[in-house]
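So the sequence shown is numbered by this note's numbering: it starts at -8 and just counts up by one. Just so it is clear, CB atoms sit at the ideal spot from N, CA and C, and this is done for glycine as well.
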Amino acid sequence: IVHSGVCLLTSREWTTPDGRLRTLDFLKERGFNTVHFTCFAKRQQQEKAKKAIAQAKELGLDLVLWVGEDEEFPSDELAKSLYDTNILSLMVLDEPDLRLPGEKAREYLNHKRALFPYTPVKMNNGVKGVAKGYASLATDIFMIDDYLTNAEGRSVYSIIGGVDTLVRARAGTPSWYFVVGTNDLHYRQPAFAEQTVQCWGTICSGGS
């Protein structure tokens, strides 16, 4: 399991008049070295995202860039406009098993590989998609996310078990487990203690 010091950002978090993202400074001060940065495909976000990527580069932070889809601003155009030397990988599909046939997902991944032949591209697999072998799990970096708070009655132990899911599904493949802290879409936020146990439990299970 690879990568550490990861935090999901959204373009809603711009908080300074000059467009500086305070969250990046906060993460750098606290020892993070990699940031999972989200830029959904809206033209008005492009310049802000460029500033954030430049700021991260200035701070010595590497980025995993998640580019969203939009008819107005296709992700090919967006990813090319934002790409820089501190981009470690590109997340190009988010849980496509919920909306796309597997063959379409594979075609899309191959399309992105051709555009960025020296940068890994990945899709975020849902846990159910992994169980079904969705799109042959064909992604340069194998990724899942799971949420303690996406349904009532979930245990921290069930989240930590995601590490085992990754290893069983594609042993020996570079993997990214997006262990989620907060998400405003869900029925509650995890407690601080739950987030701490998720983090250390994942590390004890073989994550880094």
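Residue burial classification, residue i (beta-carbon count within 10 angstroms, cutoff 16)
i	result
Thr29	buried
Gly198	buried
Thr7	exposed
Cys195	exposed
Thr187	exposed
Ser149	exposed
Pro65	exposed
Trp191	exposed
Pro87	buried
Lys113	buried
His(-6)	Any reading at His(-6) must be qualified, since the residue scores a pLDDT of 36, below 50, and its modelled position is unreliable; no value is offered.
Leu56	buried
Same chain only: Cβ atoms within 7 angstroms of residue i, ignoring 5 sequence neighbours per side
i	result
Glu185	Leu139 and Val147
Leu157	Ile(-8), Phe133, Ile135, Ser166 and Tyr168
Thr110	Ile78, Ser80 and Leu81
Cys(-2)	Because Cys(-2) carries a pLDDT of 48, less than 50, the predicted location of this residue cannot be relied on, and the following value inherits that uncertainty. Same-chain partners within the cutoff: Leu18, Phe23, Val26 and His27.
Neighbourhood of residue i by C-beta distance below 6 angstroms, restricted to the same chain and skipping five residues each side
i	result
Asp85	Asn115
Gly(-4)	Any answer about Gly(-4) is weak, because its pLDDT of 44 lies below 50 and its placement is not dependable; what the coordinates show is given next. Answer for Gly(-4): Phe23, Asn24 and Thr25, listed in chain order.
Arg221	No statement about residue 221 is possible, as the shown extent of the chain runs from -8 to 199 and does not include it.
Thr164	Phe133
Other residues of its chain near residue i: CB distance less than 8 angstroms, five sequence neighbours each side excluded
i	result
Gly153	Val118, Ile135, Asp137, Tyr168, Val170 and Thr193
Pro181	Leu139, Thr140, Gly172, Thr173 and Gln189
Ala47	Leu15, Val26, Phe28, Asp53, Leu54 and Asn77
Leu106	Asp67, Ala70 and Lys71
Arg104	Val112 and Asp131
Asp155	Ser196
Nearest residue (CA-CA) to residue i, options the options
i	options	result
Ala40	Asp9, Glu20, Lys19 and Ala142	Asp9
Glu38	Tyr74, Gly144 and Tyr99	Tyr74
Glu94	Leu128, Ala122, Ala142 and Phe107	Leu128
Arg145	Tyr178, Ser72, Arg104 and Lys42	Tyr178
Leu18	Gly51, Ile151 and Gln36	Gly51
Ala126	Glu20, Ile44, Thr164 and Pro92	Pro92
His102	Leu56, Leu176 and Asp67	Asp67
Lys42	Glu20, Arg13 and Arg21	Arg13
Pro108	Lys71, Ala142, Lys123 and Gly124	Lys71
Ala142	Gly163, Thr164, Leu176 and Ala162	Leu176
Ile44	Arg11, Glu20 and Arg21	Arg11
Nearest-angstrom Cβ-Cβ length linking residue i and residue j, presumed shorter than 8 angstroms
i	j	result
Ala160	Val121	5 angstroms
Leu100	Thr130	6 angstroms
Val58	Leu69	5 angstroms
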